[in-house]
Each structure stands twice: as structure tokens, then as C-alpha cells.
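Let me begin by presenting the structure, written as C-alpha cells, before commenting on it.
In the working numbering, the protein residues as written are 96 to 272.
Below is the structure:
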């Protein structure tokens, strides 16, 4: 903290290992990204529902934490760096936020009615979703879900070094020509 300031040293391209653009493009896995996103949503929604049941409160900021978790899982399982991977992560985080809030609302309804949560979820109709979005899932929840989607999109892309970026650009320009 109190040390002398050092100049940041830029690494030259020779310090990075050579990159094969076809191998980089082949390492991307949309299926892996989707599986990772679904896994992250299911696991995090389960933890979110347990915390709501344990504390008797809904913590809406957990949707933003879910966005981090979903983005990291898409990055690790998808190995992607193009536009599809942030889109997958953002969609999954937004849908996960809505689904967790829906199940928590079903838990609250079942507690008020004195029936089981699965019984309430079994009686869901198309009218239920209209009431849920009109009365329970309000503007603030949409803001939290959108923020979670943005966070997930931010964390979803794989980081590349300078050589990988340059080799991919050269490869794409060669393919266009």
C-alpha cells in the first residue's frame, strides 16, 4: 500500500504461447454453457428457497448473486467468447430470478392456505401467472432480475490473452477474404 509505484509492464506477444484459432473456436460449447446455466439456476434457486424458508424473508438481492453464479458456470462449462454465451447467461439468470420468486410465492400461499407447496404448484393455471406478475413480481423484482442478467452476461465470457485475440482476428479476416 505504501510501497513505491511501479510502472506496469506490458507483456509482449512472444511471452504468450501460440494460439490455434480453430482449436479456440472448437473449444466453445453451447451445450456445456446451457447445461451449466441450468445447473446453476437449479442449485441456486434451491439455496434461495431454503434461505427464504429458514429466515422467513425473501432477499431479492440474492438474484444478483445468482447472476454471478450463473455467469461463472457458463464461463467454466461453455469456454465461450462470442455473443451467444452472455446471452445464454443473461436469459438463464432472468428466468432463474422469476422462477425462484414464483416458488417462494407458492410457498407463502401454501402456508396461508395450510396445504403443501407441491399441491399449490400442481394447481397452477395460466391465470396464476397473470396474478403473479400483477401482484407479486413487481417493478423492483424486475430491476433485480435485469441486474442479475447484466451481471451474468458480464461474467459469462472467457478471458483471452492478446495472442488469442490477434490470432482470432487474423483467422476471421482470412475467412472473409
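Ideal placement from N, C-alpha and C gives every residue a C-beta, glycine not left out. Here the structure is a predicted model, which is why all the values come from computation and not from measurement.
### Unbroken alpha helix (DSSP H) run spanning residue 150, endpoints
Locating residue 150 in the chain shown gives position 55, counting from the first residue. Taken as a continuous stretch (DSSP letters only), the alpha helix (DSSP H) holding residue 150 covers 125 to 150.
### Message
Once the 5 residues before and after residue 159 are set aside, which same chain residues still bring their CB inside 7 Å of it?
### Response
In the chain shown, the residue the question calls residue 159 occupies position 64. Hits under 7 Å: 239, 242, 243 and 246.
### Task
Tell me, to the nearest whole angstrom, how far the beta carbon of residue 232 is from that of residue 193; I am working on the premise that it is less than 8 Å.
Counted from its first residue, the chain shown places residue 232 at position 137. Counted from its first residue, the chain shown places residue 193 at position 98. Correct: roughly 7 Å between the Cβ atoms.
#### Entry: For residue 162 and residue 188, believed in contact at Cβ under 8 Å, the rounded distance
Working through the chain shown from its first residue, we reach residue 188 at position 93. Working through the chain shown from its first residue, we reach residue 162 at position 67. So it is a contact: roughly 4 Å between Cβ atoms.
### Task
Could you tell me the distance, in whole angstroms, from the CA atom of residue 173 to the CA atom of residue 208?
Counted from its first residue, the chain shown places residue 173 at position 78. Counted from its first residue, the chain shown places residue 208 at position 113. Between residue 173 and residue 208, the C-alpha separation is close to 43 Å.
### Task
Take residue 135 as the anchor and find which of 195, 112, 120 and 175 has the nearest alpha-carbon.
If you number the chain shown from 1, residue 135 lands on position 40. Ranked by Cα distance from residue 135, the options 195, 112, 120 and 175 are led by 195.
### Task
Can you have a look at residue 170 and say buried or exposed, based on whether 16 or more other CB atoms are within 10 angstroms of its CB?
Locating residue 170 in the chain shown gives position 75, where the first residue counts as 1. Buried is the call here.
### Reference residue 254, options 206, 181, 147 and 191, closest by Cα
As a working note, residue 254 is residue 159 in the chain shown. Of 206, 181, 147 and 191, the residue nearest in Cα terms is 181.
#### Entry: Residues of its chain near residue 166, where Cβ-Cβ distance is below 6 Å and the 5 sequence neighbours each way are ignored
Reading the chain shown from its first residue, position 71 is the one you call residue 166. The residues are 184, 247, 250 and 251.
### Message
Let's test the definition: count the other Cβ atoms within 10 Å of the Cβ of residue 224 and tell me whether it reaches 16, buried, or not, exposed.
### Response
In the chain shown, the residue the question calls residue 224 occupies position 129. Residue 224 comes out exposed.
### Query
Just checking my contact of residue 263 with residue 116 at CB under 8 Å: how many whole Å lie between their CB atoms?
For the purposes of this step, residue 263 is taken as the residue at position 168 of the chain shown. For the purposes of this step, residue 116 is taken as the residue at position 21 of the chain shown. At roughly 5 Å, the Cβ-Cβ gap stays under 8 Å, so residue 263 and residue 116 are in contact.
### Query
What residue does the alpha helix (DSSP H) around residue 253 start on, and which one ends it?
Reading the chain shown from its first residue, position 158 is the one you call residue 253. First-last for residue 253: undefined, no H or E at that position.
### Query
Does the beta-carbon distance from residue 199 to residue 147 come in below 8 Å?
Here the question's residue 199 lines up with position 104 in the chain shown. Here the question's residue 147 lines up with position 52 in the chain shown. Against a cut-off of 8 Å, the Cβ pair of residue 147 and residue 199 comes out as a contact.
### Query
For residue 260, is the classification buried or exposed, using 16 other Cβ atoms within 10 angstroms of its Cβ as the cut-off for buried?
To locate residue 260, count along the chain shown from 1; it is residue 165. Classification for residue 260: exposed.
### Query
Which term fits residue 164, buried or exposed, when burial requires 16 or more other beta carbons within 10 angstroms of its beta carbon?
Along the chain shown, one-based indexing puts residue 164 at 69. Per the 10 Å Cβ criterion, buried.
### Task
Look at the Cβ atom of residue 157, then the Cβ atom of residue 143, and state whether they are nearer than 8 Å.
One-based indexing of the chain shown puts residue 157 at position 62. One-based indexing of the chain shown puts residue 143 at position 48. For residue 157 and residue 143, yes; Cβs fall inside 8 Å.
### Message
Between which residues of its own chain and residue 216 is the CB-CB distance below 6 Å, once the five residues before and five after are set aside?
### Response
To locate residue 216, count along the chain shown from 1; it is residue 121. Excluding positions up to five away in sequence, the list reads 201.
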